[in-house]
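Structure first, commentary second.
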Amino acid sequence: MNRLQTELPGLSMKNPVMPASGCFGFGQEFAKLYDLNKLGAICVKAVTLDERAGNPTPRVAETPGGMLNAIGLQNPGLSHVLENELPWLEKYDIPVVVNIAGYEPTDYTEVAREISRAKNVSAIELNISCPNVKEGGIAFGTHAATAADLTEKVKAVSNVPVYVKLSPNVTDIVPIAKAVESAGADGLSMINTLLGMRIDLKTGKPVLANKTGGLSGAAIKPVAIRMIYEVSQQVDIPIIGMGGIFEVDDILEFMMAGASAVAVGTANFIDPFACPNLIEGLEKRMDELGIDKLSSITGRSSLLCRQTL
Amino acid sequence: MNRLQTELPGLSMKNPVMPASGCFGFGQEFAKLYDLNKLGAICVKAVTLDERAGNPTPRVAETPGGMLNAIGLQNPGLSHVLENELPWLEKYDIPVVVNIAGYEPTDYTEVAREISRAKNVSAIELNISCPNVKEGGIAFGTHAATAADLTEKVKAVSNVPVYVKLSPNVTDIVPIAKAVESAGADGLSMINTLLGMRIDLKTGKPVLANKTGGLSGAAIKPVAIRMIYEVSQQVDIPIIGMGGIFEVDDILEFMMAGASAVAVGTANFIDPFACPNLIEGLEKRMDELGIDKLSSITGRSSLLCRQTL
Amino acid sequence: MKDEYLKIKEQKQLAPNIFQVKLQGKSIREMTAPGQFVHVKIQPGIDPSLRRPLSIADVEAEKEELTLIYRTEGRGTKLLAGKVPGEEIKVFGPLGKGFPTDAVKSGDTCLLVGGGVGIPPLYYLGRQLAEKGAEIITILGFRKAEDIFLEEEFQQLGKVIITTEDGSKGVKGYVTDAINQLASSYDTYYTCGPNPMLRAVEETAKGPGFVSMEERMGCGIGACLACVCQLKDPGSTSGRKYRKICSDGPVFPAGEVLI
Amino acid sequence: MKDEYLKIKEQKQLAPNIFQVKLQGKSIREMTAPGQFVHVKIQPGIDPSLRRPLSIADVEAEKEELTLIYRTEGRGTKLLAGKVPGEEIKVFGPLGKGFPTDAVKSGDTCLLVGGGVGIPPLYYLGRQLAEKGAEIITILGFRKAEDIFLEEEFQQLGKVIITTEDGSKGVKGYVTDAINQLASSYDTYYTCGPNPMLRAVEETAKGPGFVSMEERMGCGIGACLACVCQLKDPGSTSGRKYRKICSDGPVFPAGEVLI
Ligand SMILES: Cc1cc2nc3c(=O)[nH]c(=O)nc-3n(C[C@H](O)[C@H](O)[C@H](O)COP(=O)(O)OP(=O)(O)OC[C@H]3O[C@@H](n4cnc5c(N)ncnc54)[C@H](O)[C@@H]3O)c2cc1C
Ligand SMILES: Cc1cc2nc3c(=O)[nH]c(=O)nc-3n(C[C@H](O)[C@H](O)[C@H](O)COP(=O)(O)OP(=O)(O)OC[C@H]3O[C@@H](n4cnc5c(N)ncnc54)[C@H](O)[C@@H]3O)c2cc1C
Ligand SMILES: Cc1cc2nc3c(=O)[nH]c(=O)nc-3n(C[C@H](O)[C@H](O)[C@H](O)COP(=O)(O)O)c2cc1C
Ligand SMILES: Cc1cc2nc3c(=O)[nH]c(=O)nc-3n(C[C@H](O)[C@H](O)[C@H](O)COP(=O)(O)O)c2cc1C
Ligand code: FES
Ligand code: FES
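Protein chains in written order, with this note's numbering: chain A, 1 to 309; chain B, 310 to 618; chain C, 619 to 877; chain D, 878 to 1136.
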């Protein structure tokens, strides 16, 4: 028995760890460091219909316990990804999740239709939460009805399960999660980055050329845990949890909060071997804590809290 | 000339630094450590009409670069504060800001009416953003109309200026800020804590007895800076900025983002002499950066960005 | 109450996961009351973000030397254990109210009951009580023999009874089993340890006693209300229905607060 | 590319705010190309949260010794300067593409132009070029005389011209003034320094040249797209309109990318 086995719609993973979208490119760089087959799955950078140049630099800034990024969804566009990036990944025996983004619903559906028919794509992550582009992105993720509408449209054309990536920059994430569930989402990814800013005291201007950026890293972990805890009790679809995972304990904390699998973003920059290191450390820690099968702890926290009521 | 002089409605401050509500009690504890007259002002713990017992313990938890708290507005109630806490503060020659909270609008107005007539109260901070109580608190701070309505009622009965303390747990903070401005707020305080959670892996349950708590400390600074930057460009009333101020540079960053004064919360726990230390370090750093008068840098960032358009 | 950089003079391991660090600095002269604690800033910066409360385990005032004894639990104490002599750490204290010893007279018998990392503050207390001429009986509870620390030090102060849960040394069972088996009587007891132990000791031990409590802290000085506990009888006192462990405690008269 | 704990052998100050640290470890044997950089994890934990890119200033392969030279700017470099011999820091590298030297033949003249902390990588480059038998002319730009570092080291490789903005030593003005005053010609130039300097050098210097760029980084290996720059002539190449400074660079042929 593989104690780390994780089964999600479209994703049969030998462990619950995948890199988070945008933090791992299309895998080629990290493949120089270690065998990508070690991963539970891979989630690639956001893909849009046409190539995008992204935002001017500086695109990243350090913050206490975290970082801001405003890459702006730079990517080579759908056809380049279909022709070059995805085929390269075929040599690996891991599920591939493709994060997709767009300006308008038709962008999304076109990308979803094509991508979901690619040979080795196991699932789509519908990015309605990118805070770094003016149109599209987060605009779809902050209103339940808009999010649901887009989900429905994308589901209608997709041949693979669709995970909707939710934005934490909302007053109440639960109705949005419920709405996309009703609209047919197969799962949720949460959380994307919190909108933040830093100012350079010497210039008096924002550090990022885009002024604001998305806050990621350890700093946002408590917000992610809270939102996953809230949402997991109100929806029946599985959650891929992310936001500040750096240590093995973080993975367990996300799962106890309600996640069924996790994604590691910023940590890849601080420890380029973060994913394999975390995967390797999981079983030892499970032994210490007396956890037999990893999948058994998902949502344990809310179950325990309900028992004691 | 006092280069640190800060003038806000009701608050004539010899420097822009005050402790943040809830992190400094009613001043008596820190008065044992240093002369409170060093402060620009003092902001005391939330006061409610009746005494409140607060939440069960544990009430705090550590997070990466920050902390969660779920004190739950424990306080001795209006009359005790009027009879004991405020008179004790009379020996100090600094403006006193009283943070007020309630279950219902009438609670708020009753506290506001009485408190604003106390001899040494310079301003009210209207707390519509406490994430740690079931009723009242944050419920008033997440909808523009509700927030405006409460602001208007409190303004109507208050003898001193009213600063409305905004919640960062919202999709868009600008309309809320504008609504309370229209409703007569004299200023804004921002930000209160972000809603977060931590789970104890050994017990499988949330670390906080209240499950969720408010995230404060360095971790949230970029979110605070971003919100202050956004709001300061859309309202004409001054902003007291807070959220992760630990260093002199942080004060300047908040002011460049758009704050006219700042409050220091969590840092008081990590360095009990944080406020006087920060105040003492301000002028040296202003010299290094060529800042003559501190008040001149408020909103400098957005001014500079507009110039370059 | 000072917040001072103290210099590490010595760092050594006493038992599995139990470390003793000796620190030196001027502010230590103020640390005269056993049962008080200090708030330790493990290292500069925001990681870890909060201070760690640790009890004063011993003080040598003339040498301006403070002893802390701690268990490595999480990130903070693990980092602390990695600090070596010569390094400095910022220590804020002394904080809180310690064990009252004024009422103890020469010839009185004092019972000290400690479990795990509740043991360290009792050592400084024991030394002061011994100086007053009190007779000391110490009961120290551990899980197993290898966890034992400070046994010899307490033996210098008087009689020591060890309890271990697995019976690998001393009385098998809990400290309360040893209390029940005590031949002699005592005038006052002092106890510190995990809450279940404190509750059991309060029920078992007789006569006036003092318990030292633990709670997660923010400020450590009574300003943030993180660390409150409830009075057993809220009606009996000045109006406040709660106590702050950091500033009203950590030591309370037995029976005063809900454990 | 390894991520290894390297041991600090030496830490010394070269000029105001300029430090040199020597590190030792196996992975250093791979650091053969001057112009490459390493990504430094200043200390364990999340403070500071990102790694710091620093150029390889020199390598002694047999001793497995790496030299980094850095200016203390913010929190990360200040913490680094506080590390003492014996301590270990995690270093990931070598990263990026260095200065191409294959085309350089014995007897060629190479011009090295560096400003501030752009100077360090040129030293390792200069040593390799000198070994190839090239003649080296070095122009080093500083603000004022007291800021000068590595002058003697470069003198061992060939002719050195110092420029200072205030004229307190050498040519008064900028490195480009020194380039304009050069009597001799050169076959290839290599430059590293702040962007305004790079732009000016690219305009002033003749013949084939290579510039080394800087940008804020996330991953350091080409995966996050934090550090891109634009091609001057996007039409000319394989389709990508940009370059990643961390992995396609930091060194680019002069004229290839927008500075
Ligand atoms: C008044 C007082 C005196 C104490 N004296 C001692 C002592 O002498 N020796 C000793 O080993 N321990 C003592 N403790 C417990 C000690 O404070 C914790 O073990 C320690 O803070 C854990 O920190 P960490 O970094 O190892 O764990 P982490 O899990 O990383 O700590 C995370 C946060 O929780 C807090 N925390 C965790 N456990 C406790 C706890 N049991 N009590 C209070 N806060 C906690 C930490 O302070 C920190 O803020 C005392 C606690 C109190 C309140
Ligand atoms: C390829 C490359 C090679 C470099 N080589 C050297 C060198 O040999 N010697 C040297 O002194 N400096 C070098 N730098 C610059 C050096 O990386 C920064 O000075 C350093 O990261 C600043 O860190 P800090 O902690 O002092 O400042 P902070 O202001 O605390 O840094 C905050 C964040 O901004 C980033 N940052 C700040 N300034 C720069 C910058 N100029 N370039 C890139 N990132 C920056 C930091 O890496 C960090 O992520 C190099 C930069 C690059 C990209
Ligand atoms: C540099 C960078 C680029 C990112 N790009 C994307 C993206 O293209 N699509 C997306 O859905 N999320 C993107 N994210 C968000 C991450 O996938 C993740 O949700 C977030 O960073 C929180 O996880 P972390 O704290 O582990 O990084 C990006 C994050 C970073 C730091
Ligand atoms: C322990 C604690 C108690 C708090 N109590 C209150 C309160 O009573 N009223 C209020 O408006 N804000 C309260 N806050 C929020 C702070 O005033 C402040 O807005 C927030 O902590 C962000 O600032 P900081 O990061 O500097 O702490 C509290 C914060 C903490 C940490
Ligand atoms: S820790 Fe703040 S009141 Fe006790
Ligand atoms: S730093 Fe990540 S692509 Fe260059």
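Beta carbons: idealized from backbone N, C-alpha and C, even for Gly.
Computed from a prediction, not measured in an experiment: that's the story for all the values here.
Own chain residues within Cβ distance below 8 Å of residue i, not counting five before or after
i, result
"L618 of chain B", "Unreliable placement is indicated for L618 of chain B, whose pLDDT of 45 sits below 50; the coordinate value is still reported in the next sentence. Cβ neighbours of L618 of chain B beyond the five flanking positions: none."
"G959 of chain D", "none"
"A518 of chain B", "N364, P365, T366, P367, R368 and A379"
"R834 of chain C", "A844 and C845"
"I996 of chain D", "I946, L1017, F1026, L1027, C1069 and G1070"
"S1045 of chain D", "K1021, A1022 and E1023"
6 Å CB neighbourhood of residue i in its chain, flanking five on each side removed
i, result
"E683 of chain C", "K640 and Q642"
"P325 of chain B", "T315, G349, A570 and V571"
"V1048 of chain D", "T1040, D1054 and A1055"
"G1086 of chain D", "Y1066 and A1131"
"R929 of chain D", "V917 and G953"
Sheet register partners of residue i (DSSP bridge)
i, result
"I1039 of chain D", "D:L1017"
"I895 of chain D", "D:A892 and D:R948"
"H916 of chain D", "D:P930 and D:F969"
"A263 of chain A", "A:M18 and A:M242"
"S321 of chain B", "B:E316"
"Q901 of chain D", "D:K884 and D:E942"
8 Å Cβ cutoff met for residue i and residue j
i, j, result
"I71 of chain A", "A1100 of chain D", "no"
"I124 of chain A", "C130 of chain A", "no"
"V264 of chain A", "I245 of chain A", "yes"
"G714 of chain C", "C810 of chain C", "no"
"F563 of chain B", "I579 of chain B", "no"
"V1088 of chain D", "L1108 of chain D", "no"
"V231 of chain A", "A177 of chain A", "yes"
"M197 of chain A", "I534 of chain B", "yes"
7 Å CB neighbourhood of residue i in its chain, flanking five on each side removed
i, result
"Q74 of chain A", "R52, A53 and G54"
"N120 of chain A", "L86, L89, E90 and V96"
"D1024 of chain D", "A892 and P893"
"G217 of chain A", "G65, G66, M67, G244 and T266"
"Q234 of chain A", "V174, A177 and K178"
Candidates the options, of which the one nearest residue i by Cα
i, options, result
"P634 of chain C", "C:K681, C:K659, C:K696 and C:I646", "C:K696"
"G625 of chain B", "B:K341, B:L497 and B:A448", "With chain B represented from 310 up to 618, any question about residue 625 of chain B goes unanswered, as that position is not in the structure."
"T1166 of chain D", "D:N1072, D:P1085 and D:T1065", "Any answer about residue 1166 of chain D is impossible in this case: the structure gives chain D only from 878 up to 1136."
"A910 of chain D", "D:R948, D:I923 and D:G970", "D:G970"
"K644 of chain C", "C:G653, C:I660, C:P662 and C:Y623", "C:Y623"
"K777 of chain C", "C:K787, C:L758, C:I754 and C:K762", "C:I754"
"Y92 of chain A", "A:E83, A:F26 and A:D149", "A:F26"
"R422 of chain B", "B:P470, B:A453 and B:F449", "B:P470"
"K520 of chain B", "A:K178, A:L303, A:S167 and A:D287", "A:L303"
"I361 of chain A", "A:A144, A:L82 and A:Y103", "This structure leaves residue 361 of chain A out entirely; chain A is present only between 1 and 309."
"V994 of chain D", "D:F1129, D:G1095, D:N1072 and D:K1109", "D:N1072"
"A457 of chain B", "B:M506, B:F333 and B:K474", "B:K474"
Notebook entry, point to check: Can you give, in chain order, each stretch of the alpha helix (DSSP H) that sits fully within the region 178-239 of chain A and has at least 4 residues?
Noted result: Correct list: 221-232.
Notebook entry, point to check: Hey, which unbroken runs of the alpha helix (DSSP H) at 4 residues or more fall wholly within the region 1024-1103 of chain D?
Noted result: Considered as a whole, the region 1024-1103 of chain D harbours 1028-1032, 1052-1058 and 1072-1081 as its complete alpha helix (DSSP H) runs of no fewer than 4 residues, in chain order.
Check: Where are the beta strand (DSSP E) runs, 3 residues long or more, that stay fully inside the region 954-1025 of chain D, in chain order?
Finding: Counting only runs of 3 or more, we get 965-972, 986-992 and 1012-1019.
Checklist line | Length-filtered (4 minimum) alpha helix (DSSP H) runs lying within the region 405-491 of chain B | finding: Those alpha helix (DSSP H) runs which fall completely within the region 405-491 of chain B and span 4+ residues are 414-424, 453-466 and 482-491.
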